[in-house]
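Enquirer: There's a structure below that I have some questions on.
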Amino acid sequence: MMKNNNYLIGVFSDEDVLLKGVKYVREAGVKIHECYTPYPVHGLGHALGYKRSRLPIAAFIFGVLGTSLALLMQYYMMGIDWPMIIGGKNYTSLPTFFPVTFELTVLLSAFGMVITFLVVSDLRPYGKAKVFDLRATDDKHIMAIDLGKNKQTEFSQIKKILQDSGAVEVNEKSL
Amino acid sequence: MEITSSVRKPLVTGGKTIHDVTEDICRHVEGKPTVSWLLALATSLGVLVIGAYALVMTLWDGIGMWGLNKTVGWAWDITNFVWWVGIGHAGTLISAVLLLFRQKWRTSINRAAEAMTIFAVICAAMFPVIHMGRPWLGFYWALPLPNTFGSLWVNFNSPLLWDVFAISTYFSVSLVFWYIGLVPDFASIRDRAKGIVSKTVYGALSLGWTGSAKAWERYESVSLILAGLATPLVLSVHTIVSFDFATSVIPGWHTTIFPPYFVAGAIFSGFAMVLTLMLITRKVYKLEDYITINHIELMNIIIIVTGSIVGVAYLTELFMAWYSGVEYEQYAFLNRATGPYWWAYATMMTCNVISPQLFWFKKIRTNIVATFILSIVVNIGMWFERFVIIVTSLHRDYLPSSWAMFTPTLYDVGVYLFTFGLFFTCFFLFAKFFPVINMAEVKAILRSSSEKTTGKDPVETGNVLKPTPKEA
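From first to last, the protein sequence lines are chains A and B. Be aware that the first sequence starts at 1, since it is given in the numbering used here, and climbs by one per residue. Be aware that the second sequence starts at 1, since it is given in the numbering used here, and climbs by one per residue.
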């Protein structure tokens, strides 16, 4: 019955128990596939050993791209391609370029970051959600353990560890 | 029931559990439309259709249908534009600025406030577009697109072009911010859905969200950065809108105080509109446990602060007009207060400066009926503020030979009605088919901010069925 795509699912009803449970399961030498929670549980990523998200860096890079594009566009259009001399004023005056530059910086930064977020998180319309337990988006916290990746530990032992970690229910699921 | 903090009031009352939150909010999405909702939608659609007639006639015959003349070339259209944009601002303020300031009370109201922003900005953007007369050509005129006129580009020295960039960026970033917040809640609805239609639709909308720890971590990172981007953005938008006036040489417009004063006014009117909408939604959807008197009071306090800033700005304008020693400037302000549009000025002063001061009384700011009435009064006042700035400054400027009066035609009124119809139709559809309260975020604050919180170990309070893990 132990196939590669078999999972053990621990159902938790409290975030604090989940946090302690994650630590307990990891210390017992069991690899956790992923936890699913109905709302962001602070410290869960740290407990699972995740590195900090690098999305801020993406946002910064896209922002710099927006600034440069906006300045280049305005400089080219107003200064080179079609200089508009109004009242003898300088036609490539940086101060009047600021509003548009600011807006395009924000626009590219926001869109670039959000698109990066959707791509790295594999979120897309009609994206197939890998749902282990429907209650994960309601009020239960789910800890999924991929049995295929925990071959060195006995099935019954993993089940025991999961039960001891504070899970209200332990279910099996193949996906 | 025990309240943990003696300083802070609970944000969610009624001893709700996490499951109750899902039930309370999803019920309205899953249930059949009620008669009152259908009536409300029919009314707003009716207004939309009546307004659409005025809009079509304006586009067919040109904006000569409006009451504009050579002197007053901008009147209701730009008044409505600035008013709607201002209303939009509270949504971003609630969702972005209050997120940065770690104000947890935003969670119950941010979703609806952001929806209000989106719809208000759509209504706002309609006016400059219609004012172009031939909006189908507007793309060439407003956006730097290659065109058949040769190498002729838009003018980046013009505040009106800055508006194009500001409004479109504001709209799209707000839309993305709102949608990213909706994704986890759509997933909740998808996982509860029974019908094929709702499964398919919410399945598509939820983008395959599972609520994994990794996704939540990225989600929080994205929300925080979007808030950090949206905060200066929202300030820049109304600042740039105020530049439409401030960079000109018309007495009454050419004022350095405009950017901060417009931003304060926008927050002021935006919060008033949030209150108007939320008080109705709260009543109809029985959300009294989520949008509590505490929320209403906090919003009213923001109204006192921003209303007072607006009041100070009016007085500063008067002082600067006198102190500048410029006779045109002095006349412009004397004419505002005592000229033919004195009644508009008086309405503005009464509604914006005097009426919000009533919120200093705790009895008034915690009273729902009083808050509802005053929120509408504030919105009327803010509309008149824009009208006063625009029309009274334009109708008498440097040349007495060109002085004129502005009278709106039925088409001016009709197009304004159209945007009302559009706004409320969108809002009612949102309230029926989308979760009106951000479930995920309310759930996240439930432990620390609900009435049920005791601060004790969750096992003792019965929130958990099983004991905590044995120490390894």
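Every residue, glycine too, gets a C-beta built ideally from N, C-alpha and C. Since the structure is predicted, the reported quantities are computational estimates derived from the model, not experimental observations.
1) Which parts of the region 166 to 219 of chain B are runs of the alpha helix (DSSP H), unbroken and 4 residues or longer, counting only runs that do not cross its ends?
2) Can you give the Cα-Cα distance for L41/B and W162/B, rounded to whole angstroms?
3) What residues in the region 68 to 86 of chain A have a beta carbon less than 8 Å from any beta carbon of chain B?
4) Just the C-alpha distance for F427/B and G270/B, rounded to the nearest angstrom, thanks.
5) Buried or exposed: which applies to R102/B, given that a residue is buried once 16 or more other Cβ atoms fall within 10 Å of its Cβ?
6) Taking the beta carbon of S165/A as the centre, do at least 16 other beta carbons fall within 10 Å, making it buried, or is it exposed?
7) Is there a C-beta anywhere in chain A that falls below 9 Å from the one on W209/B?
8) Taking the CB atoms as reference points, tell me whether R124/A and G208/B lie closer together than 9 Å.
9) If you count every other CB in all the chains shown that lies within 10 Å of the CB of Q157/A, and 16 or more means buried, which is it?
10) Could you say which of G43/A, A28/A, N6/A and D14/A lies nearest to L162/A if we only look at CA atoms?
11) Note down, in chain order, each residue of its chain lying with its Cβ closer than 6 Å to the Cβ of S375/B, except the 5 sequence neighbours on either side.
12) Output the distance between the C-alpha atoms of S308/B and V353/B, rounded to the nearest integer angstrom.
13) Using a beta-carbon distance cut-off of less than 8 Å, what residues from the region 93 to 124 of chain A approach chain B?
14) If distances are taken between C-alpha atoms only, which option among A70/A, M78/A, I142/A and S68/A comes closest to S93/A?
15) Along the alpha helix (DSSP H) that carries F117/A, what are the first and last residues, could you check?
16) Within the 9 Å Cβ cut-off, does T137/A reach chain B?
17) Which residues mark the beginning and the end of the beta strand (DSSP E) in which F420/B is found?
18) Can you tell me which of the three DSSP states H19/B falls into?
19) Helix, strand or coil for Y290/B? Go by DSSP, reduced to three states.
20) Whole angstroms is fine: what's the gap from A96/B's alpha carbon to I25/B's?
21) Which one of V173/B, R106/B, T58/B and A75/B has the shortest CA to CA distance from T392/B?
22) Name the chain B residues that come within less than 9 Å of E154/A, Cβ to Cβ?
23) Can you say whether N90/A is buried or exposed, counting buried as having 16 or more other CB atoms within 10 angstroms of its CB?
24) According to the Cβ coordinates, are F424/B and V173/B closer than 9 Å?
25) Going by the beta-carbon positions, is the gap between F434/B and A52/B smaller than 9 Å?
26) Compare the Cα-Cα distances from N80/B to each of N379/B, S448/B and L399/B and report the closest residue.
27) By Cβ distance, which residues of its chain are closer than 7 Å to N110/B, with the 5 residues on each side in sequence left out?
28) Could you work out which residues of chain B lie near K149/A, taking near to mean beta carbons separated by less than 8 Å?
29) Quick one: which residues of the region 224 to 249 of chain B get their C-beta closer than 7 Å to a C-beta of chain A? List them in chain order.
30) Could you spell out the range, first to last residue, of the alpha helix (DSSP H) harbouring L8/A?
31) Leaving out the 5 sequence neighbours to the left and right, which residues in its chain are closer than 8 Å to E220/B when beta-carbon positions are compared?
32) In chain A, which residues lie with their C-beta within 8 Å of the C-beta of R218/B?
33) Residue range of the beta strand (DSSP E) that H131/B falls in?
34) How is the beta strand (DSSP E) around A144/A delimited, first residue to last?
35) Let me know the secondary structure DSSP gives E154/A once reduced to three states.
36) Leaving out five residues on either side along the sequence, give the residues of the same chain with a beta carbon under 8 Å from the beta carbon of K31/A.
Expert: The structure says:
1) Those alpha helix (DSSP H) runs which fall completely within the region 166 to 219 of chain B and span 4+ residues are 196 to 205.
2) As a first step, residue 41/B is located in the second sequence; it is residue number 41 there, counting from the start. As a first step, residue 162/B is located in the second sequence; it is residue number 162 there, counting from the start. Taking the straight line from one Cα to the other gives about 35 Å.
3) Result list: M73, Q74, M77, M78, D81, W82, M84 and I86.
4) Within the second sequence, residue 427/B is the residue found at index 427, counting from 1. Within the second sequence, residue 270/B is the residue found at index 270, counting from 1. Spanning the two alpha carbons is a distance of roughly 15 Å.
5) Translated into the one-based positions of the second sequence, residue 102/B becomes position 102. Exposed.
6) The residue you call residue 165/A lines up with position 165 of the first sequence. Classification of S165/A: buried, given that the 10 Å Cβ count is 16 or more.
7) Stepping through the second sequence from its first residue, residue 209/B is reached at position 209. For W209/B, the answer is yes, since a Cβ of chain A falls inside 9 Å of its Cβ.
8) The residue you call residue 124/A lines up with position 124 of the first sequence. The residue you call residue 208/B lines up with position 208 of the second sequence. Yes.
9) Indexing the first sequence from 1 puts residue 157/A at position 157. By the 10 Å Cβ count, Q157/A comes out exposed.
10) As a working note, residue 162/A is residue 162 in the first sequence. Of the candidates G43/A, A28/A, N6/A and D14/A, the one whose C-alpha sits nearest the C-alpha of L162/A is A28/A.
11) Here the question's residue 375/B lines up with position 375 in the second sequence. These residues qualify, in order along the chain: A272, L275 and T276.
12) Here residue 308/B refers to the residue found at position 308 of the second sequence. Here residue 353/B refers to the residue found at position 353 of the second sequence. Cα to Cα, S308/B sits roughly 7 Å from V353/B.
13) S93, T96, F97, P99, V100, F102, E103, L104, V106, L107, S109, A110, F111, M113, V114, F117, L118, V120, S121, D122, L123 and R124
14) Position 93 of the first sequence, counting from 1, holds the residue named residue 93/A. Cα-wise, what sits closest to S93/A is M78/A.
15) Position 117 of the first sequence, counted from the first residue, corresponds to residue 117/A. Where F117/A is concerned, the enclosing alpha helix (DSSP H) stretches over L94 to V120.
16) Along the first sequence, read from residue 1 onward, the residue named residue 137/A stands at position 137. At least one chain B Cβ lies under 9 Å of T137/A.
17) Translated into the one-based positions of the second sequence, residue 420/B becomes position 420. DSSP places F420/B in no beta strand (DSSP E) but in the uninterrupted alpha helix (DSSP H) bounded by L410 to F433.
18) By 1-based counting over the second sequence, the position of residue 19/B is 19. Helix at H19/B.
19) Taking the second sequence and counting its residues from 1, one reaches residue 290/B at position 290. If DSSP states are grouped into helix, strand and coil, Y290/B belongs with coil.
20) Here residue 96/B refers to the residue found at position 96 when the second sequence is read from its first residue. Here residue 25/B refers to the residue found at position 25 when the second sequence is read from its first residue. Computed Cα separation, rounded: 22 Å.
21) Along the second sequence, one-based indexing puts residue 392/B at 392. Nearest C-alpha to T392/B: A75/B.
22) As a working mapping, residue 154/A is identified with position 154 in the first sequence. Neighbours of E154/A on chain B: none; closest Cβ ~17 Å, over 9 Å.
23) For this step, residue 90/A is matched to residue 90 along the first sequence. Exposed.
24) As a working note, residue 424/B is residue 424 in the second sequence. As a working note, residue 173/B is residue 173 in the second sequence. Cβ distance not < 9 Å, so F424/B and V173/B don't count as in contact.
25) Mapped onto the second sequence, residue 434/B falls at position 434. Mapped onto the second sequence, residue 52/B falls at position 52. For the pair F434/B and A52/B, the CB atoms are not nearer than the 9 Å cut-off.
26) Locating residue 80/B in the second sequence gives position 80, where the first residue counts as 1. The shortest Cα separation from N80/B among N379/B, S448/B and L399/B belongs to N379/B.
27) Position 110 of the second sequence, counted from the first residue, corresponds to residue 110/B. Result list for N110/B: I94, S95 and N438, in chain order.
28) In the first sequence, counting from the first residue as 1, residue 149/A sits at position 149. Neighbours of K149/A on chain B: none; closest Cβ ~16 Å, over 8 Å.
29) I225, L226, L229, L233, S236 and I240
30) Counting from 1 along the first sequence, the entry for residue 8/A is found at position 8. Counting along the chain, L8/A falls outside any alpha helix (DSSP H), though it belongs to the beta strand (DSSP E) covering N6 to F12.
31) Walking along the second sequence from the start, residue 220/B turns up at place 220. Same-chain partners within the cutoff: there are none.
32) For this step, residue 218/B is matched to residue 218 along the second sequence. Simply S53, L55, F117, V120 and S121.
33) What you label residue 131/B is simply residue 131 of the second sequence in a count that begins at 1. No beta strand (DSSP E) holds H131/B; the alpha helix (DSSP H) holding it covers N110 to H131.
34) On the first sequence, residue 144/A is found 144 positions in, with the first residue counted as 1. Note, A144/A: beta strand (DSSP E), H141 to D146.
35) Taking the first sequence and counting its residues from 1, one reaches residue 154/A at position 154. If DSSP states are grouped into helix, strand and coil, E154/A belongs with coil.
36) Mapped onto the first sequence, residue 31/A falls at position 31. The beta carbon of K31/A lies closer than 8 Å to those of I145, D146, K149 and N150 in the same chain, with the five residues before and after it left out.
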